[in-house]
Each structure stands twice: as C-alpha cells, then as structure tokens.
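All remarks here apply to the structure that follows.
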Amino acid sequence: MQNISKIYGNGFVANKDITFSVNEKEILALVGENGAGKTTLMKILFGMEQPQSGQIILEGKEVRFQNPIEAIAAGIGMVHQHFMQALSLTVAENVVLGIEPTKGLCFDMEKAVRMTQEVSDRYDLRVEARARICDLSIGQRQKVEIIKALVREARILVLDEPTAVLTPQETEELFEQIKILRENGHSIIFISHKLDEVMRLCDRVTVLRRGRIIGSEKTENLNERKISRMMVGRDVVTSIDKEPARSRETILECRDVVCLNENGRKAVNQISFNIHGGEILGIAGVEGNGQNELALAITGMGNYECGSIRVNGQEIKGRDIDQIRALGVAHISEDRMRMGSAGELSVKENLISDRMFKKEFRRGPFIDRKKVNDFADACIREYEIACDHRDEPIRMLSGGNMQKVIVAREFTSGANLIVANQPTRGVDIGTCDMIRRKLIDKTRKDGIGALLISADLNEVLEVSDRLLVFYKGKIAAYFENVKEVTEEELGEYMLGLKTMNQEQIREAAG
Ligand SMILES: Nc1ncnc2c1ncn2[C@@H]1O[C@H](COP(=O)(O)OP(=O)(O)O)[C@@H](O)[C@H]1O
Ligand SMILES: [Mg+2]
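Numbering-wise (the numbering used here), the sequence shown opens with residue 23 and increments by one.
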C-alpha cells in the first residue's frame, strides 16, 4: 500500500500518507494504540473503505477494490475484530455464505461440509462442520471466520486483534495455525496490542501512531521496550496551560470495587481510589483492561459485584442511572450514538433531554419554550456546535459536533463529578482541544471532580492531575503527579511489563 490517506466523512484523518507492505510467507504485526488507524488501513486493503489517495499494489500490479467481494477475488481475507455470524446456521453454511454450492437448484449441504472439512484438515483448524454457530465458543467461531477466508482462497489474511477475545490456550492454538498458514505460503497481517505475542509470533513489526507509520522493523532487531516506545512515544503537541489542582472535599470514593464482564470474569478486581473536587484523575490503559466496566458501574449503566462506590457520600448500589445523576454524576462517553444521544431528536432536545421536566425549563405545567431556546442557543454558541439550527436533528451533525452537544449537556447538568470515558475518540482535533480545556476549566473554576479514562496517552498526560494505570483489572501503577511520568514508563505499565507494589498503590491512591 503506497501513500494511503483516509479522511472520514466527519473530517477525521485516520490514515496519513501510509506506505505499508507485507511479503509472501510473512507474519507481519501491525501495532499501535487504539485509534491509531490500524483497522482503517486494513478496511482499505479489504475494499470496505475507499482512501482519498494512495495505491494498492498486489504482486507488482496496481489494484483497486470497490468492495470486499473484489478484494476477496484478489486473494485477500479479513477476520474482523467484531465479526458477525448467522448464529442459527451451521459452520458449513456460514463458511459458504454467498458462494453456496448447489445441486440442481438446491443448496448442496454435503458439498458445503466437504469444502469446510477440507480446509479445516489442511490447516488443522479443527471445528465441527455441522455444529451450529450458537453452540460454539468465541475461539471456535473465529476459526470459522478463518476457514471462510481460506475457502475463498485468501493468500493474504488480515486478523484484526484476534487474541483479544481468546483464552491463553486458544491463543497458543491460533499461533500454531498461523504458522501453518505461513508454511503454506500465505501472508498474515496480525493486529495486536500484546507485545509478547508480537515478539513471539511475528517476523516483522510495523507501528502506526495517530494515523502515521512510525516504523517497520524485523522482530529480531526489536524488543518489547522498543516497540512500546514506538507505539506510545509522544508527538509534539501544543500543551495546555493548567493551573495546579487545589484538591477539595472527596466526591467519589471507590473501595475494593469488583465488576464482572459479560463472561462472568473479573474485569475490575478490587480497585480503590478517591476523587476530590478540583482535580482530574486519569486512568490510562490499553482498552479492555477494566476501565469501561468501572465507568459503567460508576454511572449506573453497569453493575458492580462487591465493594462500594460512593458519590458525595452516598452509596450508589441499587440506584438507577437517573438516581445516580441526581447525586451529581455526569457522563461523557465515546459511544455517543448508542448511549449519549437520540438521533431523531433535535440538537435542542438532546441538550435538555435530562432536564425537560425540571423546574428551570417549566412554566406551570408547560415547557418554557423561550427559556429552552435561549439555553440551546447559548450552548451552541459557547460550545461552538456547528449546526444549521437548534431544531436540526442531531444525526445530521458530524461526530465531533454531536460530541459537543453531549459535552454541553453534561457540563451544564449541575453535576460535581464528570466521568469522561474516551471523550475525544474519533473527534477532530479542534473538538478534542475544546473538551480537554473544558474539563480543566470546570475542575479549576467550579471545583468539580473528574475521572478521565482514555487510551490516548497524550490526552491522559496532558489533562490529568493524578494518574492510575489499569492492567488486567488491577491498578498496575499510581502517579501522584502526572508531570513526573514519562510516556515510556507509562507504556511499560500499560503493557504489563512492570507493575507497582499493590500495598503502596492502595495507601497512596485510596
Ligand atoms: N466510520 C468512521 N467515521 C469517522 N471516524 C472513524 C470511523 N471509523 C474510525 N474512525 C476513527 O478513526 C480513528 C482510527 O480508527 P481505527 O482505524 O479503528 O483505529 P485502530 O484500529 O487503530 O484502533 C479513530 O479515531 C476512529 O474513531
Ligand atoms: Mg481497530
């Protein structure tokens, strides 16, 4: 791939002039923090996204893929991070979906089973062709996806964070299968955050950071430390001036909190910390280390099993989202379409959706239209929301502007605790900057407390006063003063290369 650039519809530049290659019989690692642009680059290779510029050259010839069907025809296969399967169908039926063999006019199940078994035998991808998808583990379902690509004769196979959902044993199995693929002449692009895996499995490592290629190096010339540095090393950013925090009363108290994930495993494992008014506590970590479960628990969108979470002195266990908001919690999340906004409603309605029935916007039994309009216009002005009108449906706005609507609502909700979970992911640089400055402003001027969860190290280091690093549901490190942390050090804790003494962390953070 040569000089590939991709700008999404909202103006976000996900790939900047990327030149990238994979060789025959090579296992190439594509690594980078969340949001670095890895999936985007692979979607371009797979014909799912069109780049604004750049070329794809396959075995010396320039190719152009308008859609995945064309990419598949050229020998490219991709196993997505969150793949979709028809759960009620069998393995064989899923494998041949779209290329169903027929006998006369009918679907030829026997042939589908044979096609599946042949590939499964050849590459030692053991899975029962007649089993139904819904009866399989995630690891087995992933094998089905790989078989699906191989049945279509993929020679280049992209695996997007395949080990994120696997147990250690399943990971070992997958690695053996990937090596068999290499021996058979395939090229594999392996996306992962886990540096030990990358070092063990891959022949070469290519690092992306903020949409750019940072480097590509044979694994034999690298070690985990070097890769981590390439991944998280800081870019030159304009730094935000920030008054020192003047810490006030305790607003949030988490004691020995345990949260389970969907599979019943401990996603948050006995975590304790406090947040005071006037300060921003950051949580850094590779996504999937428990940060999300914690944010959901604090905001009432998820549960916690044990321990206690107190907001302004009140235990939140058993309270619902609205009751927790009433205690003083506001929530900005990255997942703005699913959790934060109602697409059909207008900008104005989204701005007041949590307070429509409150006295401030009522005149007797009626909504005070003038007050609502004035409030909406003031928000649009202050937060620089680019929309035609306050009555425009929010779904017409770009991602960054949608996020500004949510930020405006949450910052004006009267809460004294803001939970900001990946608040700037996928938004343009200007909006990022605005959100960060507002967070700092609100803590300094209004004395609110903030919890900032972010996979963006620049953001965490720039905005937080104190910092926790999450690794596998535990606090791997605690820093009283973020200014003293180097990004390299942080990377080592984030990736599990180092961990601080748990006793010390407990005393200091909680
Ligand atoms: N369809 C889209 N529209 C707008 N922004 C997007 C879209 N898809 C991804 N992005 C943004 O592009 C950036 C890179 O995303 P992605 O390629 O998924 O990164 P990675 O796979 O390295 O985590 C992220 O900030 C993401 O939010
Ligand atoms: Mg990705």
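Backbone N, C-alpha and C define an ideal beta-carbon position, used for all residues, glycine too.
DSSP state of residue i mapped onto helix, strand, coil
{"i": "PRO190", "result": "helix"}
{"i": "MET456", "result": "helix"}
{"i": "CYS537", "result": "No statement about residue 537 is possible, as the shown extent of the chain runs from 23 to 532 and does not include it."}
{"i": "PHE388", "result": "strand"}
{"i": "PHE379", "result": "coil"}
{"i": "PRO415", "result": "strand"}
{"i": "GLN313", "result": "helix"}
{"i": "THR111", "result": "As written in the sequence, residue 111 is Leu, which differs from the Thr given in the question. In this structure, LEU111 counts as coil in the three-state DSSP scheme."}
{"i": "GLU337", "result": "strand"}
{"i": "ASP39", "result": "strand"}
{"i": "LYS125", "result": "strand"}
{"i": "CYS156", "result": "helix"}
{"i": "SER214", "result": "coil"}
{"i": "SER269", "result": "coil"}
{"i": "LEU349", "result": "helix"}
{"i": "VAL180", "result": "strand"}
{"i": "LEU172", "result": "helix"}
{"i": "ARG163", "result": "helix"}
{"i": "ARG231", "result": "strand"}
{"i": "ILE51", "result": "The question names Ile, yet the displayed sequence has Ala at residue 51. Residue state, collapsed to three classes: strand."}
{"i": "ARG226", "result": "strand"}
{"i": "ASN206", "result": "coil"}
Terminal residues of the beta strand (DSSP E) in which residue i lies
{"i": "ILE527", "result": "Not the beta strand (DSSP E): ILE527 falls in the alpha helix (DSSP H), residues 524-531."}
{"i": "VAL149", "result": "That residue, VAL149, is in no beta strand (DSSP E); it is neither H nor E in DSSP."}
{"i": "LEU80", "result": "75-80"}
{"i": "ARG251", "result": "Not the beta strand (DSSP E): ARG251 falls in the alpha helix (DSSP H), residues 246-254."}
{"i": "MET100", "result": "98-101"}
{"i": "GLU242", "result": "From DSSP, GLU242 is part of no beta strand (DSSP E); its letter is neither H nor E."}
{"i": "GLU84", "result": "83-85"}
{"i": "ILE293", "result": "288-298"}
Pairwise C-alpha distance: residue j and residue i
{"i": "GLY452", "j": "GLY59", "result": "19 Å"}
{"i": "TYR515", "j": "GLU242", "result": "23 Å"}
{"i": "ARG431", "j": "SER294", "result": "29 Å"}
{"i": "ASN523", "j": "LYS494", "result": "15 Å"}
{"i": "ARG417", "j": "ALA400", "result": "20 Å"}
{"i": "GLN199", "j": "ARG347", "result": "49 Å"}
{"i": "LYS28", "j": "GLN74", "result": "5 Å"}
{"i": "MET533", "j": "GLU84", "result": "Absent from the structure is residue 533, since the part of the chain shown begins at 23 and ends at 532."}
{"i": "SER365", "j": "LEU373", "result": "The identity of residue 365 in the sequence shown is Gly, whereas the question assumes Ser. Roughly 12 Å separates the two Cα atoms."}
{"i": "PRO415", "j": "LYS216", "result": "41 Å"}
{"i": "ILE26", "j": "ILE338", "result": "49 Å"}
{"i": "ASN443", "j": "GLY97", "result": "39 Å"}
{"i": "VAL429", "j": "ASP357", "result": "13 Å"}
{"i": "PRO387", "j": "LYS381", "result": "10 Å"}
{"i": "ASP390", "j": "ASP396", "result": "10 Å"}
{"i": "ASP468", "j": "ASP342", "result": "26 Å"}
{"i": "ARG528", "j": "ASP278", "result": "10 Å"}
{"i": "LEU158", "j": "TYR326", "result": "28 Å"}
{"i": "THR185", "j": "MET23", "result": "25 Å"}
{"i": "SER375", "j": "GLU194", "result": "49 Å"}
Local Cβ density within 10 Å of residue i, reported as buried at 16 or more and exposed below that
{"i": "ASN423", "result": "buried"}
{"i": "THR62", "result": "buried"}
{"i": "LYS7", "result": "The structure shown does not extend to residue 7, since the chain is modelled only from 23 to 532, so the question has no answer here."}
{"i": "ARG458", "result": "buried"}
{"i": "LYS370", "result": "buried"}
{"i": "THR41", "result": "exposed"}
{"i": "GLY233", "result": "buried"}
{"i": "ALA108", "result": "exposed"}
{"i": "GLU205", "result": "exposed"}
{"i": "MET100", "result": "buried"}
Limits of the unbroken alpha helix (DSSP H) element including residue i
{"i": "ILE428", "result": "421-433"}
{"i": "GLN515", "result": "Checking the displayed sequence, the identity of residue 515 turns out to be Tyr instead of Gln. Counting along the chain, the alpha helix (DSSP H) containing TYR515 begins and ends at 509-516."}
{"i": "LEU483", "result": "479-485"}
{"i": "ASN372", "result": "369-374"}
Across the segment 285-302 and the segment 260-276, are there enough close Cβ pairs to call them in contact, namely three or more that are closer than 8 Å? yes
Using a Cβ distance threshold of 8 Å, determine whether the segment 299-319 contacts the segment 427-444, with at least three qualifying pairs required. yes
Is the segment 225-232 touching the segment 39-55 in the sense that three or more CB pairs, one from each, lie closer than 8 Å? yes
Can at least three beta-carbon pairs, one atom from the segment 311-321 and one from the segment 277-296, be found at a separation below 8 Å? yes
Any contact between the segment 59-79 and the segment 34-44? By contact I mean 3 or more CB pairs, one from each, below 8 Å. yes
Is the segment 162-177 touching the segment 134-145, taking contact as three or more C-beta pairs under 8 Å? yes
Do the segment 499-509 and the segment 469-478 meet, that is, are 3 or more Cβ pairs less than 8 Å apart? no
May I ask you to verify whether the segment 452-472 touches the segment 415-430, counting CB pairs closer than 8 Å and requiring at least 3? yes
Is the segment 133-140 close to the segment 96-114, with three or more CB pairs under 8 Å? yes
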